[in-house]
Amino acid sequence: MPELPEVEVVRRGLADHVVGRRITGVDVLHQRPVRRHLAGPDHFASALTDRTVLGAHRRGKYLWLPLDSGDALLGHLGMSGQLLVQPVGAPDERHLRVRFGLAGDGPERELRFVDQRMFGGLSVSAQGAELPQEIAHIARDPLDPLFDEEQFVHRVRRRSSGIKRILLDQTVVSGVGNIYADEALWRAGVHGDRLGAKLTARQVREVLSGAREVMRAALHEGGTSFDALYVNVNGESGYFDRSLAVYGRAGQPCRRCGAQVERVAFMNRSSHFCPVCQRPPRAPRGATASPARGSGRRH
DNA sequence: GTATGTACCTGTTTGC
DNA sequence: TGCAAACAGGTACATA
């Protein structure tokens, strides 16, 4: 599942293998991945054909490729999207959605957008040189040199939502998904249900620091991979999943204290945490204790 | 402006 | 064995 490190790995691959090449043709094999291109698949294809890719940029989990037309190809991998560079004639992937012909130095290639679950998407943005207007609302990510840490602390502490939900809000901080939110919170020793407004500035900084640590580590190892749904442009998976502390480790011992990692439902997905290292907030007056969470103390 | 819940998707796993 | 339900989760959107 692509989060910031995975998307950055893909961006680097695009910078190496696609920038400087000309798009010779576009084949939209499924309409859903271009649903955000409101002018339709034919317009999407014609706006890209015979255009040269000038760069490969990223904001959070969004990628965009400025073109010599002044437009940009804007993309998001969603949950299962892949951008692969393949030789012409390579067998089609099972979930191949959009194919781009590429000409330039060396043999002809294809850029392929493969997406099993089709949460991802591609569109052509009219703004190529700068941040596309479609993603102007996406905040900078924690690894961005221009990320404003003080503003982040301020915004988190103004919110009365749980810190995990805030971390997943891409308008507050980008690039954090379910996996790295759990990992960052574990590193900071903060439970995801703790309200932003109830955290100290120091705790918010520790969560941010945890996010940076886990993202840097993942980036170093080429991204997280669980089920072959995430691969880089060469089709290679990352190996970071071996280093995850809580995500996907329910019932296994916490790597720090040995307590059993817990998994609870959260926003139609899962949260993983150590009930000892990350003490849940006290239930509001009148609320009953959640049996899934227990007392928070297991030793 | 903020908080919260849900639709969108498909392949795999789980349970009956 | 076969079917149905649950599950995975990022984003946009609707509602309060």
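Numbering of the first sequence is given in this note's numbering, commencing with residue -6 and proceeding in unit increments. Backbone N, C-alpha and C fix where the C-beta goes; we use that ideal spot for every residue, glycine too.
Asked, Found
"Considering only residues of the same chain and omitting the five flanking positions on each side of residue -3, which have a CB-CB separation below 6 Å?", "134, 168 and 208"
"At what residues does the beta strand (DSSP E) containing residue 106 begin and finish?", "102 to 108"
"Could you give the first and the last residue of the continuous alpha helix (DSSP H) run that contains residue 6?", "-3 to 10"
"Would you be able to state if there are at least three C-beta pairs under 8 Å between the region 95 to 102 and the region 47 to 57?", "no"
"Looking at the secondary structure, which residues open and close the beta strand (DSSP E) in which residue 116 lies?", "114 to 118"
"Residue 182 and residue 175: beta carbons closer than 9 Å?", "no"
"Can you name the start and end residues of the alpha helix (DSSP H) that residue 165 belongs to?", "That residue, residue 165, is in no alpha helix (DSSP H); it is neither H nor E in DSSP."
"From the DSSP output, read off the bridge partner residues of residue 93.", "19 and 104"
"Let's test the definition: count the other Cβ atoms within 10 Å of the Cβ of residue 179 and tell me whether it reaches 16, buried, or not, exposed.", "buried"
"What are the boundary residues of the beta strand (DSSP E) that residue 80 is part of?", "74 to 80"
"Buried or exposed for residue 81, going by 16 or more other Cβ atoms inside 10 Å?", "exposed"
"Taking C-alpha atoms, which residue in 14, 63 and 274 lies nearest to residue 104?", "14"
"Specify whether the region 64 to 73 and the region 113 to 124 touch according to this definition: at least 3 beta carbon pairs, one from each stretch, less than 8 Å apart.", "yes"
"Between which two residues does the beta strand (DSSP E) holding residue 264 run?", "262 to 266"
"I'd like to check one pair, residue 36 with residue 30: are the Cβ atoms closer than 9 Å?", "yes"
"When the Cα atoms are used, what is the spatial distance from residue 129 to residue 251?", "43 Å"
"Buried or exposed: which applies to residue 190, given that a residue is buried once 16 or more other Cβ atoms fall within 10 Å of its Cβ?", "exposed"
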